[in-house]
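Protein chains: 2
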Amino acid sequence: MNLLLLEDGDFVAEGRALLRGRRLAHLHEVHRAESGDVLRVGRLGGAMGAGRILRLDAEAAEIAVETLEQNPPAKLPVTLLLALPRPKMLKRVLQTVASMGVPRLVLLNSYRVEKSFWQTPFLSPEAIREQLILGLEQARDTVLPEVVIEKRFKPFVEDRLPQLAAGTLGLVGHPGDHPDCPRLVDAPVTLAIGPEGGWIPYEVEKLQEAGLQAVQLGERILRVETAVPVLLARLF
Amino acid sequence: MNLLLLEDGDFVAEGRALLRGRRLAHLHEVHRAESGDVLRVGRLGGAMGAGRILRLDAEAAEIAVETLEQNPPAKLPVTLLLALPRPKMLKRVLQTVASMGVPRLVLLNSYRVEKSFWQTPFLSPEAIREQLILGLEQARDTVLPEVVIEKRFKPFVEDRLPQLAAGTLGLVGHPGDHPDCPRLVDAPVTLAIGPEGGWIPYEVEKLQEAGLQAVQLGERILRVETAVPVLLARLF
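Residue numbers (the numbering used here), protein chains in the order written: chain B, 3 to 238; chain C, 3 to 238.
Next comes the structure, spelled out in structure tokens:
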């Protein structure tokens, strides 16, 4: 938690927030904070600045927001399409997406996504939000990425992806005899990353018809949670 | 498991391997393999090729190695110095390091490494090897990275790091007013990544004295498990 992210519901008065639960425990156990300490704070969806701990005990932390003048860091110009990863990996990928500054994530079905993955409680809006918040706190950002869930591959790719990808560099990561993934591009990107085992050929064709070009990342097959930061670091 | 990695002890005859345990379970549960299937196989430390399943039941899988002619992918020209991460993160970082082709990893103490991290059973040679093997299987590589454990920062950085970093581009990732981390370098690299909370100034000074220059990665603070793939993807 490199940023204490405050939400509307945390405020008990103008500039005064009261924290319990996870953030309180974190202040005690990780920060080993004390009354009077000054922390980096941010307002969810808003600016960042400094807050002072007025009171800190087992029950609550009371924070006075002293400044709130710094803009959060810029987002990456990317829409990330991800075949739904297995639940444990989903949690980490959501954190990574938020911490690296991806503004929009589409979780997509694919032939090789196990049906059971769609049943996970980690896909509830509250659970997704929780992981995104952890990513924002890690990276010092305040703006939640938009997460869209598309349980049907074909209608999404045929009907909505072409508009989404219009005016962007569309890329689909896929092993094989394709050009290397470009580096340091100067355009907004729509980037599709497949499931464990990869997209099936039909899916790559459909993604290509929607305007994405297949690119490869070399001989090594990376886990999705590694491929995401690798591709983003390479592109931007 | 994109590569079935065979060790000397798996062989019951020339070109015949017998598998039980984790890899057997994986063949059943994930690959849903059957007798007659042909799989990618590799010999630990050696070449890669194809193997055929001669027999597969609840007790064992018998594999006939049919070809073994392909070299494993090249390693990255990098030595990675990592402040020891917390145990759960260590496991994933070891897999990432192996799958991305880092040939040498130094796990180093730092002021902000909690002492308890050094007590974890995940630091035993067997546990480290297990995670590295998972990373090699993922990426289709056969060559184990070397992992060196340095529990004392100062003697390592003063006495051994200067020789290790000699003739390489030495970099220490550290937030602050430093040059950006370079991209697509054309030289071997020695790269030091700090713990959660970062190196302390004394440590950055000592690393600089040993020949490393401080570089930064932008405003966003990334988890170590994200910073590792991001920095490697940027450098190579």
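Idealized CB from N, CA, C, for every residue including glycine.
Nearest chain C C-beta to residue i closer than 8 Å, yes or no?
i: B:T228; result: yes
i: B:I195; result: no
i: B:T144; result: no
i: B:S101; result: yes
i: B:N111; result: no
i: B:T98; result: yes
i: B:L186; result: yes
i: B:P231; result: yes
i: B:A27; result: no
Just tell me which of the options has its CA closest to the CA of residue i.
i: C:A49; options: C:P75, C:I55, C:T122 and C:A60; result: C:P75
i: B:L96; options: B:Y113, B:W120 and B:L125; result: B:L125
i: C:D161; options: C:R94, C:G213, C:R22 and C:L92; result: C:G213
i: B:P157; options: B:G169, B:I130, B:N111 and B:Q121; result: B:N111
i: C:R88; options: C:G38, C:R225, C:S37 and C:G51; result: C:R225
i: C:R142; options: B:E227, B:P177 and B:T122; result: B:P177
i: B:L234; options: B:Q215, B:R185, B:W201 and B:V206; result: B:R185
i: C:T228; options: B:V99, B:D188 and B:V191; result: B:V99
For residue i, count neighbouring C-beta atoms within 10 Å of its own C-beta (all shown protein chains included) and say buried if the count is 16 or more, exposed if not.
i: B:A27; result: exposed
i: B:P127; result: exposed
i: B:N73; result: exposed
i: C:P203; result: exposed
i: C:T69; result: exposed
i: C:P181; result: exposed
i: C:L8; result: buried
i: C:V14; result: exposed
i: B:Q165; result: exposed
i: C:K208; result: buried
i: C:A168; result: exposed
i: C:S37; result: exposed
i: B:D179; result: exposed
i: C:V104; result: buried
i: B:L93; result: According to the sequence provided, residue 93 of chain B is Lys. The question's Leu does not apply to it. Buried, by the Cβ-count rule.
i: C:V231; result: The amino acid at residue 231 of chain C is misidentified as Val; the sequence shows Pro. That one is buried.
i: C:P197; result: buried
i: C:E148; result: exposed
Can you look up residue i in the DSSP assignment and give me helix, strand or coil?
i: B:E64; result: strand
i: C:E207; result: helix
i: B:A76; result: coil
i: B:V115; result: coil
i: B:T122; result: coil
i: B:L219; result: coil
i: C:D161; result: helix
i: B:I195; result: strand
i: B:T98; result: helix
i: B:D12; result: helix
i: C:A229; result: helix
i: C:E139; result: helix
i: B:I151; result: strand
i: C:R25; result: helix
Beta-carbon of residue i versus every beta-carbon of chain B: anything under 8 Å?
i: C:L224; result: yes
i: C:N73; result: no
i: C:Q140; result: yes
i: C:E239; result: With chain C represented from 3 up to 238, any question about residue 239 of chain C goes unanswered, as that position is not in the structure.
i: C:R24; result: no
i: C:E221; result: yes
i: C:R34; result: no
Is the closest heavy atom of the ligand FAD to the C-beta of residue i under 7 Å?
i: B:L29; result: Because no ligand of any kind appears in the structure shown, any question about the ligand FAD cannot be addressed here.
For this session: Return the residues of the stretch 49-77 of chain B that lie within a Cβ-Cβ distance of less than 7 Å from chain C, sorted by chain order.
Result: P75
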